[in-house]
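*Asks:* Residue 104 in this note's numbering sits at position 98 of the sequence shown, and the numbers go up by one each step. Ideal placement from N, C-alpha and C gives every residue a C-beta, glycine not left out. Owing to the predicted nature of the structure, the values given are computational and were not obtained by experimental measurement. First, the structure itself, so that you have it in front of you.
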Amino acid sequence: MKKIFSLAIFAIALMVAMPANAQKFGIKGGLNVTNMSLSSKVLDADNRCGFFIGPTVKFSLPLVGLGVDVAALYDQRSAKPEVEVMNGLEVTSAESMKTQSIQIPINLRYGVGLGSSLSGYIFAGPQFGFNVGDKEKHLNFGDWKLKTSNFSVNVGLGFTIMKHLQISGNYNIACGTTGEIDFHSVTTGLKNKAKANAWQIAAAYYF
Numbered sequence: 007m008k009k010i011f012s013l014a015i016f017a018i019a020l021m022v023a024m025p026a027n028a029q030k031f032g033i034k035g036g037l038n039v040t041n042m043s044l045s046s047k048v049l050d051a052d053n054r055c056g057f058f059i060g061p062t063v064k065f066s067l068p069l070v071g072l073g074v075d076v077a078a079l080y081d082q083r084s085a086k087p088e089v090e091v092m093n094g095l096e097v098t099s100a101e102s103m104k105t106q107s108i109q110i111p112i113n114l115r116y117g118v119g120l121g122s123s124l125s126g127y128i129f130a131g132p133q134f135g136f137n138v139g140d141k142e143k144h145l146n147f148g149d150w151k152l153k154t155s156n157f158s159v160n161v162g163l164g165f166t167i168m169k170h171l172q173i174s175g176n177y178n179i180a181c182g183t184t185g186e187i188d189f190h191s192v193t194t195g196l197k198n199k200a201k202a203n204a205w206q207i208a209a210a211y212y213f
């Protein structure tokens, strides 16, 4: 966790040090559609909607078309897993598995003008997450323990309208596990790790 935290702080400090005329501040929010997958003998979780919101800043780089955007987002995701107990018998969690975190995406972007008031861009970059919700959750078939930090990668595209409004969509790919489920004896002591990937649709307004 210390390494992830240090890398995130260093990247943000580097961006803030850039000239003020290269920066644009704004606010960003959107929806998560989470697909939580679990390891052996466990079925994929149902997709669940969540949300994220927080401040963002966009930087222009000296090379034409290139830029970087950074945000600090409150992020909530949830999913309801199904567990295969034995002989095809499935048990569905009575409660959703929910995560609450602060996510810091740092995306490199390349934009192309599509007219006087519209431009398109593609982006990709790392995302650093820090758990601010429950660290442990008791489900009807086991106990779920969440990690305190996580690392993921974003890949997506978007449009900027009138130089202020930005609409984007991306896939957030978890690199490593979000947590671990320690199942009750009915599942013969299985212990499985969980990943939480998500499709994200976002809108941002830069002042």
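Would you call the segment 173-180 and the segment 154-164 in contact, with 3 or more CB pairs under 8 Å?
*Replies:* yes
*Asks:* Should Val48 go down as buried or exposed, given a rule of 16 or more other Cβ atoms within 10 Å for buried?
*Replies:* For the purposes of this step, residue 48 is taken as the residue at position 42 of the sequence shown. Legend: pLDDT at Val48 = 44, less than 50; position of this residue unreliable, value from coordinates given subsequently. Its Cβ being crowded by 16 or more others within 10 Å, Val48 is buried.
*Asks:* Between the Cα of Gly56 and the Cα atoms of Ala78, Met103, Leu72, which residue gives the shortest distance?
*Replies:* Taking the first residue of the sequence shown as 1, we reach residue 56 at position 50. Cα-wise, what sits closest to Gly56 is Met103.
*Asks:* Assign Ile167 to buried or exposed, taking buried as 16 or more other Cβ atoms, counted over all protein chains shown, within 10 Å of its Cβ.
*Replies:* Your numbering for residue 167 matches position 161 in the sequence shown. Ile167 comes out exposed.
*Asks:* State the CB to CB distance for the pair Met200 and Thr183, rounded to an integer number of angstroms; the pair is presumed to be in contact (CB under 8 Å).
*Replies:* The count along the sequence shown starts at 1 and reaches residue 200 at position 194. The count along the sequence shown starts at 1 and reaches residue 183 at position 177. Per the sequence presented here, residue 200 reads as Ala, with Met not at that position. That belief holds up - the Cβ atoms of Ala200 and Thr183 are roughly 6 Å apart, short of 8 Å.
*Asks:* Are the CB atoms of Ala130 and Gln172 nearer to each other than 9 Å?
*Replies:* Your numbering for residue 130 matches position 124 in the sequence shown. Your numbering for residue 172 matches position 166 in the sequence shown. Not a contact, by the Cβ cut-off of 9 Å.
*Asks:* Measuring alpha carbon to alpha carbon, tell me which of Thr62, Val74, Gly35 ends up nearest Gln82.
*Replies:* Mapped onto the sequence shown, residue 82 falls at position 76. Answer by Cα proximity: Gly35.
*Asks:* For Val192 and Asn137, I'd like the C-alpha separation in whole angstroms.
*Replies:* Reading the sequence shown from its first residue, position 186 is the one you call residue 192. Reading the sequence shown from its first residue, position 131 is the one you call residue 137. Residue placement at Val192 cannot be trusted, given a pLDDT of 48 that sits under 50; what the coordinates show is reported in the next sentence. Cα to Cα, the separation comes out at about 30 Å.
*Asks:* So, under 8 Å CB-CB, Asp75 and Asn38 are touching, yes? Tell me the CB distance rounded to an integer number of Å.
*Replies:* Looking up residue 75 in the sequence shown gives position 69. Looking up residue 38 in the sequence shown gives position 32. Contact flag wrong, Cβ pair sits at about 18 Å.
*Asks:* Can you check whether the CB of Lys151 is closer than 9 Å to the CB of Glu142?
*Replies:* As a first step, residue 142 is located in the sequence shown; it is residue number 136 there, counting from the start. As a first step, residue 151 is located in the sequence shown; it is residue number 145 there, counting from the start. Yes, the Cβ-Cβ distance between Glu142 and Lys151 is below 9 Å.
*Asks:* Which value, in whole angstroms, describes the spacing of the CA atoms of Leu73 and Gly126?
*Replies:* As a first step, residue 73 must be located in the sequence shown, where it is residue number 67. As a first step, residue 126 must be located in the sequence shown, where it is residue number 120. Sequence inspection shows Gly at residue 73; the Leu mentioned does not correspond to that position. Cα to Cα, the separation comes out at about 13 Å.
*Asks:* Looking at C-alpha atoms only, which residue of Gly119, Gly121, Leu79, Val70 is the closest neighbour of Ala210?
*Replies:* Taking the sequence shown and counting its residues from 1, the one referred to as residue 210 is at position 204. Answer by Cα proximity: Leu79.
*Asks:* Just curious, the beta strand (DSSP E) that Asp75 is in, first and last residue?
*Replies:* Numbered from its first residue, the sequence shown carries residue 75 at position 69. Per DSSP, Asp75 belongs to the beta strand (DSSP E) from 72-77.
*Asks:* Do Phe213 and Gly32 count as a contact pair if the criterion is CB distance below 9 Å?
*Replies:* In the sequence shown, counting from the first residue as 1, residue 32 sits at position 26. In the sequence shown, counting from the first residue as 1, residue 213 sits at position 207. Yes. Within cutoff.
*Asks:* In whole angstroms, what is the alpha-carbon distance linking His144 and Ile187?
*Replies:* Stepping through the sequence shown from its first residue, residue 144 is reached at position 138. Stepping through the sequence shown from its first residue, residue 187 is reached at position 181. Taking the straight line joining both Cα atoms gives about 10 Å.
*Asks:* In angstroms, rounded to a whole number, what distance separates the CA positions of Gly119 and Leu67?
*Replies:* Counting from one through the sequence shown, the residue named residue 119 turns up at place 113. Counting from one through the sequence shown, the residue named residue 67 turns up at place 61. Cα to Cα, Gly119 sits roughly 16 Å from Leu67.
*Asks:* Identify the continuous beta strand (DSSP E) that holds Met103 and give its terminal residues.
*Replies:* Here residue 103 corresponds to residue number 97 of the sequence shown, with the count starting at 1. Residues 103-119.
*Asks:* Please give me, in chain order, every unbroken run of the beta strand (DSSP E) with length at least 3 that falls completely inside the segment 134-177.
*Replies:* 142-145, 148-152, 155-167
*Asks:* Straight-line CA distance for Gly135 to Lys30?
*Replies:* Against the sequence shown, residue 135 aligns to sequence position 129. Against the sequence shown, residue 30 aligns to sequence position 24. Spanning the two alpha carbons is a distance of roughly 23 Å.
*Asks:* Keeping to the same chain, check which residues put their C-beta closer than 7 Å to that of His170; ignore five residues upstream and five downstream.
*Replies:* Numbered from its first residue, the sequence shown carries residue 170 at position 164. Same-chain partners within the cutoff: Tyr211, Tyr212.
*Asks:* Between which residues of its own chain and Cys181 is the CB-CB distance below 7 Å, once the five residues before and five after are set aside?
*Replies:* Counting from 1 along the sequence shown, the entry for residue 181 is found at position 175. Closer than 7 Å at Cβ, skipping near neighbours: Phe157, Ser158, Val159.
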